[in-house]
Amino acid sequence: MVDLGQIQAAYYMVAATGVLVAALYYIVNLRETTKNRRITFTNSVMQQLQTEEGVRREYDCYVMQWTDFEDFKRKYDSRVDPVSYSKRTSLWSTYNSLGYLYKSGLVDLDTIANVGGELVVWDWLKFKPVIEGYRKGDLGPNAYNSFEYLAEAVIRVKERSEPDARARMDMVDKTHRVAQ
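Mind the numbering: the sequence shown is residues 231 to 410 in the working numbering, read in order.
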């Protein structure tokens, strides 16, 4: 015969198992929800870059050509060309914000890398010498450091499936940076 103590012990084990299963389900569900929210948020941020205005801004920055930092300043500095300055700063700030959100864990790197990630890298590689020049003067040493962080992270993601990704992206950039 089964005594009351054994029935209570079995009941407690079933109840504890139920609580454990519910807790595990909650944790898995919470992780999936968080992941889906990050991807949705990332997509909404990336879509800003893919609007007609975003593409036009990207193109206007893409066609800029210069030989060195001083040449860049003579052609495109804010005191010389406020329109180019506003487009460039808007683009850099968008990528810098996206980089900060990535550092904070709020956006999904794989989504960024696969939905326009090459543009982030190309823009970083193209404007890196300019940003470094401004870091030495007007902007300070940490200007656009999240943009740089994001570009380097995207390159690492790309290199996992394409080992020569950095060299390929750098080559594409070099053909469009320097004035012919």
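Quick reminder that beta carbons are idealized off the backbone N, C-alpha and C, glycines included.
Remember, predicted model here, so these are calculated numbers, not experimental data.
Have a look at Met399 and Ala343 and give me their C-alpha separation to the nearest angstrom.
-> As a first step, residue 399 is located in the sequence shown; it is residue number 169 there, counting from the start. As a first step, residue 343 is located in the sequence shown; it is residue number 113 there, counting from the start. If I take the Cα positions, the gap works out to 13 Å.
Exposure label - Gln410; buried when at least 16 CB within 10 Å | Translated into the one-based positions of the sequence shown, residue 410 becomes position 180. Reliability of the predicted coordinates at Gln410 is poor, the pLDDT of 42 falling under 50, and the value obtained from them is presented with this limitation in mind. Exposed is the call here.
Do three or more CB pairs link the segment 319–338 to the segment 283–299 at distances below 8 Å?
-> yes
Best match in Val384, Asp298, Gly367 for proximity to Asp340 [C-alpha to C-alpha] = In the sequence shown, the residue the question calls residue 340 occupies position 110. Of Val384, Asp298, Gly367, the smallest CA-CA separation from Asp340 is found for Val384.
For Tyr175, which residues from the same chain have a beta carbon less than 8 Å from its beta carbon, with the 5 sequence-adjacent residues on both sides left out?
-> One cannot answer for residue 175 here, as it falls past the ends of the chain, which runs 231 to 410.
Can you name, in chain order, every residue of its own chain whose Cβ lies under 7 Å from the Cβ of Gly329, other than the five neighbours on each side?
-> For the purposes of this step, residue 329 is taken as residue 99 along the sequence shown, with counting starting at 1. Contacts found: Ser376, Phe377, Tyr379, Leu380.
Got a sec, what are the start and stop residues for the alpha helix (DSSP H) Lys388 sits in?
-> On the sequence shown, position 158 is the one that residue 388 refers to. Residues 375–391.
Starting from Leu331, trace the alpha helix (DSSP H) both ways and give me its first and last residue.
-> Counted from its first residue, the sequence shown places residue 331 at position 101. It spans 312–333 - the alpha helix (DSSP H) in which Leu331 sits, taken as one unbroken run.
Neighbourhood of Lys317 by C-beta, 8 Å cutoff - its chain only, sequence neighbours within 5 removed = The residue you call residue 317 lines up with position 87 of the sequence shown. So the list reads Arg287, Asp290, Cys291, once near-sequence residues are dropped.
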